[in-house]
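Heads up: the structure comes next, in structure tokens.
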Amino acid sequence: MTHSRIRRRSALALIGMTALAALTLSACSSSAAPEAKPSSSASETVSIGDPSKLKLVKEGTLTVHVDDPVWSPWFIDNTPDNGKGFESALTYAVAEKLGFKKDQVKWGYTAFAASFTPGPKDFDFYTQEVSITDERAKAVSFSDPYYTSRSVVITKDNSPALEAKSVADLAKYRFGTVAGTTQDSYITQTIKPKDVLSFDTVALSTQALENGQVDAIVVDLQIGQNVVLNQFKDLKIAGLLKDNGVSKGMGFVFDLNSPLVPAVDEALSQLRSEGKIDALEKEWLPLPAEVQEYTQ
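In mature numbering (1 follows the signal peptide of the UniProt record, and there is no 0), the protein residues as written are -32 to -1, 1 to 264.
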């Protein structure tokens, strides 16, 4: 997460930049209830609450991985195991439904992009704002979505890009992107700017915006709020982007065809029915002040 590989798609012009503590690779907008995907838990009763009946990486332990570092508001103080932040709190709520005590949840680290690449996994599930996409689902399995996030455009607070009212208006500006994210797909497939710089992390793309290398970046709403409120006071959320159908919401990531998926889906279903997920959203993922939504 700290190595900067920067490539320019329209011309090879590398500009040195200051390293910034890596923000999480978000991949995914306001918090509409996610649309559930078909799963075995939707068609049959799944009994949960007894960990001994679950196939786990390590018997008696729920192994959950994240990237390093993790960021607010999904996790707080870069500490996954403190139960603070939306995804940390949700993970422990799911674990409790599955029958685990808090000290039976063990956290580890896997790079974001590696979480959904083909091959066996050394975690029971992974959580780090990973968007469910058809392409990723060829290599790994996902839980039902637990949150649907919006993507936002961030620019300088004095940038002419603030005048853009539509996606078409944005195309004339130079964008920074993070390769492999759903925001990258949105930029290249929907905005289609002539000039795009690609970076390894959101942190590097944000620093490029601060340095004037790009005019705008696209990030997850909550990451955007963190950037403008806590990282760079001269950056501003310019507007919300409409969904382009690439992401189906955020979900936990599992080894392909993991038998654990139905149990986690059942836990999520119960938590949503009980109002727990809505309560966590209100606590950790408040919506921003009124921001314009771009037209097409």
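Think of the CB as a built atom: it goes at the ideal place given N, C-alpha and C, for glycine as much as any other residue.
In whole angstroms, what is the alpha-carbon distance linking residue i and residue j?
i     : j    : result
K216  : K69  : 31 angstroms
L197  : I159 : 26 angstroms
L58   : N50  : 12 angstroms
D168  : A147 : 7 angstroms
A139  : K162 : 7 angstroms
E242  : L236 : 10 angstroms
K201  : Q193 : 11 angstroms
A247  : N225 : 30 angstroms
V232  : R104 : 19 angstroms
Q175  : Q72  : 38 angstroms
T(-9) : N46  : Any reading at T(-9) must be qualified, since the residue scores a pLDDT of 40, below 50, and its modelled position is unreliable; the value itself is stated next. T(-9) and N46: Cα-Cα distance of roughly 11 angstroms.
V121  : G28  : 44 angstroms
Q96   : A136 : 31 angstroms
Y154  : Y114 : 21 angstroms
K26   : F222 : 15 angstroms
L203  : S20  : 50 angstroms
E251  : K244 : 11 angstroms
D125  : S166 : 22 angstroms
V259  : A206 : 7 angstroms
T149  : V98  : 9 angstroms
S173  : D152 : 11 angstroms
V32   : L24  : 11 angstroms
E55   : P48  : 8 angstroms
A82   : A132 : 35 angstroms
E178  : K74  : 37 angstroms
Is residue i near residue j, with beta carbons less than 9 angstroms apart?
i    : j    : result
W39  : I185 : no
F110 : F43  : no
A41  : L208 : Checking the sequence, you will find Pro at residue 41 rather than Ala. No.
T156 : Y141 : no
D35  : F80  : yes
L30  : A61  : no
V187 : V164 : no
F143 : V182 : yes
Residue i bridges to which residues according to DSSP?
i           : result
E261        : L208
V186        : V121
G76         : H33
K146        : The identity of residue 146 in the sequence shown is Val, whereas the question assumes Lys. Looking at the DSSP assignment, V146 forms a beta bridge with F167.
residue 297 : Nothing in the structure corresponds to residue 297, since the chain is present only between -32 and 264.
Following a CB-centred definition, is residue i positioned closer than 8 angstroms to any heavy atom of the ligand MG?
i   : result
T95 : Within the structure as shown, the ligand MG is missing, as the structure has no ligands at all.
Return the chain-ordered list of same chain residues with a C-beta closer than 6 angstroms to the C-beta of residue i, the five sequence neighbours on each side being excluded.
i      : result
E261   : L208
S(-4)  : Because the pLDDT at S(-4) is just 37, under 50, the model does not fix this residue reliably, and the value given afterwards should be weighed accordingly. Excluding positions up to five away in sequence, the list reads S117, R118, S119 and L189.
T263   : S134
A(-22) : Its pLDDT being 36, under 50, A(-22) is placed unreliably by the model, and the measurement read from it follows with that caveat. Excluding positions up to five away in sequence, the list is empty.
K89    : D223
To which residues of the same chain is residue i closer than 8 angstroms at the C-beta, ignoring the five residues directly before and after it?
i     : result
A(-1) : The pLDDT assigned to A(-1) is 44, lower than 50, so where the model puts this residue is not dependable; a value taken from the coordinates is nonetheless given after this. So the list reads T116, once near-sequence residues are dropped.
S8    : The pLDDT assigned to S8 is 42, lower than 50, so where the model puts this residue is not dependable; a value taken from the coordinates is nonetheless given after this. Cβ neighbours of S8 beyond the five flanking positions: V14, V229, P230 and D233.
G53   : V38, S40, P41, W42, F43, I44 and W252
L239  : L58, A61, V62, K65 and I245
L130  : T123, K204 and A206
Can you give me the Cβ contacts of residue i inside the same chain, cut-off strictly under 7 angstroms, excluding the 5 residues immediately before and after it?
i    : result
A107 : F84, T85, P86 and L224
If you measure from the beta carbon of residue i to each beta carbon in chain C, is any gap under 9 angstroms?
i   : result
N46 : Chain labels in this structure do not include chain C; a single protein chain is all it has.
(request) Would you be able to state if there are at least three C-beta pairs under 8 angstroms between the region 65 to 81 and the region 13 to 23? (result) yes
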